[in-house]
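> This structure is in C-alpha cells; I'll ask about it shortly.
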Amino acid sequence: MTEAVRPRASPGPTGRQGEGQIITLQKRPFAEPARQRGTAPRGLDTLALAASLLLAACGDHAAAPHPDRRQDPDVRGAIDFDAAARTGRFTPTDLVGFRALPRYSEPDWVTRDFVRTGRLPPVAQRLPREPLVYGPGAMPDGPGVYGDVLRQVTGGRPEGWNYSAGQSQGWGGIDLATMECLTRTGPLFLVDPARLEPLPNLARSWQWSSDGHQLTMQLVEGARWSDGHPFTSDDVMFYWTDNVLDSNVSPLNGASPDSFGPGTRLEALGPYTIRWTFQRPFPRDYLYQMAYGKFCPGPAHVLRPLHPRYNPRSSYQAYKLAFPASRMNFPVMGAWVVTEYRPDDILILRRNPYYWKVDARGRQLPYLDEVQYRLLGWSDRDIQVMAGGSDLANVDAPATFAEVLRGAARPGASYRAVFGPRTIAYAVQFNLSGNGWGSPDARGQAIRQLNRDVRFRRAVSLAMDRVALGATQIGGPFIKPYPGGLLESAPFYDAAASRRYGYDPVAARALLAELGLVDRDGDGFVNHPAAQLGGANVTIVLTASPDSVIERSLAEGIQMLARDVGLRVVLRFASGPQRDALRASGQFDWVLQRNETTELNTVVQGADALAPTGPFTHAYHRAGPSGRLDLLPHERRMLDLVRAFIATPDQGERRRLMRLYQQVSTENVDAAGLIQYSGGVLIDKRFANVPVGTPVIMFNWAEDAIMRERLWVPRARQSGYELRPHTLPGCFACGGEKR
Numbered sequence: 006m007t008e009a010v011r012p013r014a015s016p017g018p019t020g021r022q023g024e025g026q027i028i029t030l031q032k033r034p035f036a037e038p039a040r041q042r043g044t045a046p047r048g049l050d051t052l053a054l055a056a057s058l059l060l061a062a063c064g065d066h067a068a069a070p071h072p073d074r075r076q077d078p079d080v081r082g083a084i085d086f087d088a089a090a091r092t093g094r095f096t097p098t099d100l101v102g103f104r105a106l107p108r109y110s111e112p113d114w115v116t117r118d119f120v121r122t123g124r125l126p127p128v129a130q131r132l133p134r135e136p137l138v139y140g141p142g143a144m145p146d147g148p149g150v151y152g153d154v155l156r157q158v159t160g161g162r163p164e165g166w167n168y169s170a171g172q173s174q175g176w177g178g179i180d181l182a183t184m185e186c187l188t189r190t191g192p193l194f195l196v197d198p199a200r201l202e203p204l205p206n207l208a209r210s211w212q213w214s215s216d217g218h219q220l221t222m223q224l225v226e227g228a229r230w231s232d233g234h235p236f237t238s239d240d241v242m243f244y245w246t247d248n249v250l251d252s253n254v255s256p257l258n259g260a261s262p263d264s265f266g267p268g269t270r271l272e273a274l275g276p277y278t279i280r281w282t283f284q285r286p287f288p289r290d291y292l293y294q295m296a297y298g299k300f301c302p303g304p305a306h307v308l309r310p311l312h313p314r315y316n317p318r319s320s321y322q323a324y325k326l327a328f329p330a331s332r333m334n335f336p337v338m339g340a341w342v343v344t345e346y347r348p349d350d351i352l353i354l355r356r357n358p359y360y361w362k363v364d365a366r367g368r369q370l371p372y373l374d375e376v377q378y379r380l381l382g383w384s385d386r387d388i389q390v391m392a393g394g395s396d397l398a399n400v401d402a403p404a405t406f407a408e409v410l411r412g413a414a415r416p417g418a419s420y421r422a423v424f425g426p427r428t429i430a431y432a433v434q435f436n437l438s439g440n441g442w443g444s445p446d447a448r449g450q451a452i453r454q455l456n457r458d459v460r461f462r463r464a465v466s467l468a469m470d471r472v473a474l475g476a477t478q479i480g481g482p483f484i485k486p487y488p489g490g491l492l493e494s495a496p497f498y499d500a501a502a503s504r505r506y507g508y509d510p511v512a513a514r515a516l517l518a519e520l521g522l523v524d525r526d527g528d529g530f531v532n533h534p535a536a537q538l539g540g541a542n543v544t545i546v547l548t549a550s551p552d553s554v555i556e557r558s559l560a561e562g563i564q565m566l567a568r569d570v571g572l573r574v575v576l577r578f579a580s581g582p583q584r585d586a587l588r589a590s591g592q593f594d595w596v597l598q599r600n601e602t603t604e605l606n607t608v609v610q611g612a613d614a615l616a617p618t619g620p621f622t623h624a625y626h627r628a629g630p631s632g633r634l635d636l637l638p639h640e641r642r643m644l645d646l647v648r649a650f651i652a653t654p655d656q657g658e659r660r661r662l663m664r665l666y667q668q669v670s671t672e673n674v675d676a677a678g679l680i681q682y683s684g685g686v687l688i689d690k691r692f693a694n695v696p697v698g699t700p701v702i703m704f705n706w707a708e709d710a711i712m713r714e715r716l717w718v719p720r721a722r723q724s725g726y727e728l729r730p731h732t733l734p735g736c737f738a739c740g741g742e743k744r
C-alpha cells in the first residue's frame with residue numbers, strides 16, 4: 006500500500022508522459038499492402054467540427070486543470086450524445102426475425118472450392134430451414150457484399166476455449182466473435198425503450214404460461230456448430246446441468262443458479278424445446294440474463310467426454326484446461342472460428358461455413374471472411390486504428406479524445422470516430438457489510454462501521470470536487486459530474502430524482518465532526534474517538550487498478566480531496582483481475598470502480614444487481630460467514646423497489662419505481678458517483694453498416710452492439726489484408742496459399 010503514488014510515465018506506444026500531454030503516434034501496423042482509399046459509405050463522415058470545438062476548448066495541448074473548464078461550451082451540435090436516443094426507434098422485429106427465403110448464397114470461392122469439390126454440403130443444407138434474417142433496422146447501409154478482413158487489437162491473452170468452465174478467450178470481442186447465447190441484447194440501444202425486449206437468438210421464440218411461472222422456449226431448428234454437428238437442447242441442458250448447476254465449475258462470466266432466481270428449474274421437452282420453471286411469476290428480466298455472459302452454451306459433443314461426471318479418468322481442473330489456446334478450430338456457433346494462434350502475436354479467425362444467420366437477400370453471414378487480433382496492449386487499440394494498423398477499437402480514456410478527434414478531422418483520415426451516449430461512469434464503492442465479509446481486522450471493521458453511517462458517506466460525497474476530477478482528464482462536453490445511481494443513458498432515468506451533493510468541504514468537515522471525527526493531534530487528519538483504535542487516524546484503503554491512466558489519476562484525486570477534509574486515504578493499486586478478486590471476496594474499504602456491468606446503463610438487464618437481492622449477488626455488500634446480509638434501511642428500501650420493478654410489466658409503474666430508486670440511492674449515497682462520460686468507437690472508413698451513436702458499453706460492449714457479422718466493405722475499397730484467404734476452419738491450405 007502506498008500513501009501517495011504518482012503515475013510513472015507509461016513506456017508504451019502512446020509516448021504520453023503524464024496527464025497533460027498529447028499522444029505521440031507510433032505506427033505499428035498489421036500489414037501494409039497498398040490500397041486505394043475512396044469515399045466512405047453513406048453517413049461515414051468525420052467529426053471535424055467536433056474536433057475544432059473540442060480543441061479550441063483544450064488548446065493545442067491538454068492543459069492542466071483550470072477553473073474556467075467549468076464553463077466549457079456544450080457542443081451537442083457536433084458531438085451528438087443523443088443520436089442513439091433519436092435513432093433508437095426500432096422494434097426487435099425490425100432488427101431480426103426467423104423465416105425461410107427463396108434462395109441462399111455464399112462467397113463464390115466457398116461454393117467453388119468446397120461445395121463443388123464435395124468438402125461441404127450446399128449452403129441451403131447448412132442453414133436452418135428458417136434461418137435468422139437481419140431486417141432493415143440492422144442494415145443502415147443496406148445488405149452488403151462479401152470479402153475483406155476486420156483487424157483488431159486486444160490487450161488480453163487467450164487462456165483457452167472452454168468458456169463454460171471459466172477459461173478467458175482474451176477479451177476485446179474474441180468471445181463475441183465465436184459465441185452465441187439464447188438471447189441477444191447488445192444492439193438494443195437501437196430499440197425504442199417502450200418496446201424493449203431481448204432479441205431472439207438461439208432461442209427463436211418463447212411463451213409464458215398463464216400464471217407466469219413457466220417459460221417455454223423454441224430453439225432454432227437445424228442450426229449447426231462450426232464442425233457441422235447439430236445444435237440441440239442437449240447443448241443447452243449440458244451447459245445448465247453440468248456447468249451452471251455444478252458447484253465445481255465456474256463459467257467465465259459468473260453464471261450461477263442465482264443468476265436465474267432461486268429454485269429455478271430447466272428441462273428439455275424435445276430436441277428444440279426447453280422449459281424454465283420459476284418461483285416468482287413473469288420474471289422477464291431473466292430473458293436479459295440469458296444473453297451474453299450468462300447463457301452461451303458450449304458444444305456438448307466435445308465437452309461432455311472430458312467432464313468428470315461422464316469421464317472418471319478426468320478431473321474438474323483437467324476439464325477446464327482441456328482446450329488450451331493452442332487447440333484450434335474449437336466448434337462454435339458464432340460467425341468466425343479461431344483457426345490460427347501465435348502466442349503474443351496474433352489470432353486469426355475465419356468465417357464459419359455453418360453460420361445460421363443471413364441477410365434479407367439470403368446471403369449467408371458474415372460478410373467479412375476473416376478477423377485478426379493482434380495480441381498487444383490495451384493502450385495500443387486506439388493508437389493502431391489512428392495509425393492505420395487496425396480497423397476497430399473502443400476508446401474509453403478521455404485523455405486520448407482530443408488526439409482521436411484531431412486525427413479524424415484531418416483530410417484523408419482513414420478512420421471515423423463515433424461517440425455515443427454517456428454510458429461510462431466511475432464511482433467510489435463503499436464496503437457496506439458489517440457482518441465479517443472478507444474477514445476485516447479492527448481498522449477495517451471500524452471503517453465499515455463508518456461506511457454504514459449515511460452521514461459519513463455524505464461527507465465523502467461532499468468532499469469530491471467532481472468538476473475538478475473531470476477536468477484533469479479532458480475539457481469539452483465529454484465529462485459530466487455523476488451523482489451515482491442510474492446513468493443518464495438508462496431508459497428509466499429521471500434527472501430530477503437525483504440528489505446531488507455539490508463540492509462543499511466545509512459541510513463535509515461538519516458531518517465528520519458530528520460523527521466525532523476531528524483532528525486531535527494536529528497532523529491534519531481526523532482521529533477515531535479515543536475509545537476506538539486508541540484514537541488513531543481514520544485511515545481508509547482505496548483499492549484501484551493501475552491499468553489505465555484515468556484510474557490512477559482519479560485515485561490520486563480522491564486521495565487529495567479526502568485529505569482536504571481530514572481523511573487519510575491510502576492507495577492500494579491492484580491490476581484489474583486482482584482488484585476484482587479483492588472486491589468479490591470483500592477485502593476492501595473503498596474501491597474505485599468503472600461500471601462494467603449493465604444494470605446502471607439499462608436497468609432492465611441485470612436489474613437484480615441494483616440492490617442486494619441475494620446473499621452473494623451484490624458488488625459491495627454480501628453475506629458474511631453466517632450466510633446472512635445485514636442490510637441498511639436504505640438498502641432494504643432499494644431492494645423492495647427493485648423487486649417491484651422486476652415483477653411488474655407496466656411501463657408507467659416501472660418508471661415510477663426507478664424514479665424512487667434513484668432518489669433513495671443518491672440521497673443515501675449508496676455509492677459516491679464521480680464522473681460520467683461518453684466513449685468512442687473508432688472504425689476504419691471503408692466499413693459500412695456502422696450504426697449512429699453506438700455506445701462503447703450499454704447492454705454489452707460495442708463489439709456486440711455494432712454486430713460485426715453485418716459489417717461490409719464495398720469491393721472497390723477492400724484492403725487485401727487477409728492473411729489466410731480462401732480458407733475455412735480446419736482447412737488452411739484448401740483453395741488458398743499461406744502467406
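Just so we're aligned: 514 in our numbering is position 509 of the sequence shown, and the numbers increase by one with no gaps anywhere.
Glycine included, every Cβ here is placed at the ideal spot set by N, Cα and C.
With distances taken Cα to Cα, identify the nearest neighbour of Trp341 among Arg504, Val154 and Thr405.
Indexing the sequence shown from 1 puts residue 341 at position 336. Ranking Arg504, Val154 and Thr405 by CA distance to the CA of Trp341 puts Val154 first.
> If I follow the unbroken alpha helix (DSSP H) through Val433, where does it start and stop?
As a position in the sequence shown, residue 433 is number 428, starting the count at 1. Per DSSP, Val433 belongs to no alpha helix (DSSP H); it is in the beta strand (DSSP E), Ile429 to Phe435.
> Once the 5 residues before and after Phe265 are set aside, which same chain residues still bring their CB inside 7 Å of it?
Within the sequence shown, numbered from 1, the residue matching residue 265 stands at position 260. Tyr291 and Gln294, listed in sequence order.
> With DSSP collapsed to three states, give me the class of Ile545.
Walking along the sequence shown from the start, residue 545 turns up at place 540. If DSSP states are grouped into helix, strand and coil, Ile545 belongs with the strands.
> Using C-beta distances below 8 Å, list every residue in its chain close to Pro488, excluding the 5 sequence neighbours before and after it, in chain order.
One-based indexing of the sequence shown puts residue 488 at position 483. For Pro488, where only same-chain residues beyond five positions count, the Cβ hits under 8 Å are Ser503, Arg504, Arg505, Tyr506, Thr671 and Gly678.
> So, are the CB atoms of Phe593 and Asn694 less than 8 Å apart?
As a first step, residue 593 is located in the sequence shown; it is residue number 588 there, counting from the start. As a first step, residue 694 is located in the sequence shown; it is residue number 689 there, counting from the start. Cβ atoms of Phe593 and Asn694: not closer than 8 Å.
> Spatial neighbours of Val400 within its chain, please: CB distance less than 8 Å, with the 5 preceding and 5 following residues excluded, ordered by chain position.
Taking the first residue of the sequence shown as 1, we reach residue 400 at position 395. Once the five neighbours on either side are set aside, the close Cβ partners of Val400 are Arg386, Asp387, Phe406, Val409, Ala422, Gly684, Gly685, Val686, Leu687 and Val701.
> Please list the terminal residues of the continuous alpha helix (DSSP H) segment that includes Asn399.
Here the question's residue 399 lines up with position 394 in the sequence shown. Not the alpha helix (DSSP H): Asn399 falls in the beta strand (DSSP E), residues Leu397 to Val400.
> If contacts are defined as beta-carbon pairs under 8 Å, then Ala612 and Val433 qualify, I think. What distance do you get, rounded to the angstrom?
By one-based count along the sequence shown, residue 612 stands at place 607. By one-based count along the sequence shown, residue 433 stands at place 428. 23 Å between Cβ atoms; not a contact.
> Please work out which residues of its chain come closer than 8 Å, Cβ to Cβ, to Asp552, disregarding the five sequence neighbours upstream and downstream, and give them in chain order.
Against the sequence shown, residue 552 aligns to sequence position 547. The beta carbon of Asp552 lies closer than 8 Å to those of Trp383, Ser580 and Gly581 in the same chain, with the five residues before and after it left out.
> Could you tell me if Arg74 is buried or exposed, where buried requires 16 or more neighbouring beta carbons within 10 angstroms of its beta carbon?
Position 69 of the sequence shown, counting from 1, holds the residue named residue 74. Its pLDDT being 29, under 50, Arg74 is placed unreliably by the model, and the measurement read from it follows with that caveat. Here Arg74 is buried. Its C-beta has 16 or more other C-beta atoms within 10 Å.
> Count Cβ pairs between the stretch 171-183 and the stretch 325-340 that sit closer than 8 Å; are there 3 or more?
yes
> Can you list the alpha helix (DSSP H) stretches of 4 or more residues lying completely in the stretch 501-558, in chain order?
If we require 4 residues or more, the alpha helix (DSSP H) runs fully inside the stretch 501-558 come out as 510-519.
> What are the uninterrupted segments assigned as alpha helix (DSSP H) that are 4 or more residues long and contained completely in the stretch 454-482, given in chain order?
The stretch 454-482 contains these whole alpha helix (DSSP H) runs: 459-468 and 471-476.
> Counting beta carbon pairs with one atom in the stretch 246-253 and one in the stretch 308-315, are three or more of them shorter than 8 Å?
Because the criterion of three Cβ pairs below 8 Å is met, the stretch 308-315 and the stretch 246-253 touch.
> Would you mind working out which of Arg229, Ala649 and Pro317 sits nearest Arg134, comparing C-alpha positions?
Here residue 134 refers to the residue found at position 129 of the sequence shown. Across the set Arg229, Ala649 and Pro317, the C-alpha of Arg229 shows the shortest separation from the C-alpha of Arg134.
> Helix, strand or coil for Leu195, going by three-state DSSP, please let me know.
Looking up residue 195 in the sequence shown gives position 190. In the three-state scheme derived from DSSP, where H, G and I count as helix and E and B as strand, Leu195 is classed as helix.
> Around the Cβ of Thr122, are there at least 16 other Cβ atoms within 10 angstroms (buried) or fewer (exposed)?
The residue labelled residue 122 in the question sits at position 117 within the sequence shown. It counts as exposed.
> Pick from Val609, Glu727, Glu202 and Met712: whose alpha carbon is nearest that of Val363?
In the sequence shown, the residue the question calls residue 363 occupies position 358. Nearest C-alpha to Val363: Met712.
> How long is the line joining the alpha carbons of Met643 and Arg659, rounded to whole angstroms?
In the sequence shown, residue 643 corresponds to position 638, counting from 1. In the sequence shown, residue 659 corresponds to position 654, counting from 1. One C-alpha to the other measures close to 13 Å.
> Roughly how many angstroms separate the alpha carbons of Arg633 and Pro620, rounded to a whole number?
Residue 633 sits at position 628 when you count from the first residue of the sequence shown. Residue 620 sits at position 615 when you count from the first residue of the sequence shown. When rounded, the distance between both Cα atoms is 6 Å.
> How about Thr98 and Gly140: do their beta carbons lie closer than 8 Å?
Within the sequence shown, the letter at position 93 stands for residue 98. Within the sequence shown, the letter at position 135 stands for residue 140. Their beta carbons are under 8 Å apart, which means Thr98 touches Gly140 by this criterion.
> Alpha carbon to alpha carbon, what distance is there between Leu220 and Gly275?
Within the sequence shown, numbered from 1, the residue matching residue 275 stands at position 270. Within the sequence shown, numbered from 1, the residue matching residue 220 stands at position 215. Taking the straight line joining both Cα atoms gives about 15 Å.
> Alpha carbon to alpha carbon, what distance is there between Thr188 and Arg285?
Here residue 285 corresponds to residue number 280 of the sequence shown, with the count starting at 1. Here residue 188 corresponds to residue number 183 of the sequence shown, with the count starting at 1. So the two alpha carbons sit approximately 21 Å from each other.
> Arg577: buried (16+ other C-beta within 10 angstroms of its C-beta) or exposed?
Taking the sequence shown and counting its residues from 1, the one referred to as residue 577 is at position 572. So Arg577 counts as buried.
> What number of angstroms, rounded off, separates the C-alpha of Pro203 from the C-alpha of Glu640?
Reading the sequence shown from its first residue, position 198 is the one you call residue 203. Reading the sequence shown from its first residue, position 635 is the one you call residue 640. Here the alpha carbons of Glu640 and Pro203 stand approximately 28 Å from one another.
> Using a Cβ-Cβ cutoff of less than 6 Å, which residues in the same chain neighbour Arg664 once the five nearest sequence positions on both sides are dropped?
By one-based count along the sequence shown, residue 664 stands at place 659. For Arg664, where only same-chain residues beyond five positions count, the Cβ hits under 6 Å are Asp499 and Ala502.
> Looking at C-alpha atoms only, which residue of Ile351, Thr699, Leu257 and Ser173 is the closest neighbour of Leu381?
Taking the first residue of the sequence shown as 1, we reach residue 381 at position 376. Nearest of Ile351, Thr699, Leu257 and Ser173 to Leu381, Cα basis: Ile351.
> Select from Met565, Leu491, Phe236 and Ala468 the residue whose C-alpha is nearest the C-alpha of Leu605.
Taking the sequence shown and counting its residues from 1, the one referred to as residue 605 is at position 600. Closest option to Leu605, Cα to Cα, is Leu491.
> Report yes or no: do three or more beta-carbon pairs, one from the stretch 311-324 and one from the stretch 209-217, lie closer than 8 Å?
Verdict: no, contact absent.
> If we require 4 or more residues per run, which alpha helix (DSSP H) segments fall completely within the stretch 316-395?
For the stretch 316-395, whole alpha helix (DSSP H) runs of length 4 or above, ordered along the chain, are 321-326 and 385-392.
> For Met712, list the residues DSSP reports as bridge partners.
The residue labelled residue 712 in the question sits at position 707 within the sequence shown. Partner(s): none; Met712 has no beta bridge.
> Can you check whether the CB of Gly152 is closer than 8 Å to the CB of Arg691?
Taking the first residue of the sequence shown as position 1, residue 691 is located at position 686. Taking the first residue of the sequence shown as position 1, residue 152 is located at position 147. In this structure, Gly152 does not lie closer than 8 Å to Arg691 by Cβ.
> What span of residues does the alpha helix (DSSP H) with Tyr244 cover, start to end?
As a working mapping, residue 244 is identified with position 239 in the sequence shown. Note, Tyr244: alpha helix (DSSP H), Ser238 to Tyr244.
> Could you please give me the residues that DSSP links to Tyr682 through a beta bridge?
By one-based count along the sequence shown, residue 682 stands at place 677. Its beta-bridge partners are Ile429 and Ile484.
> Mark Val523 as exposed unless 16 or more other C-beta atoms lie within 10 angstroms of its C-beta, in which case mark it buried.
In the sequence shown, counting from the first residue as 1, residue 523 sits at position 518. Exposed, since its Cβ has fewer than 16 Cβ neighbours within 10 Å.
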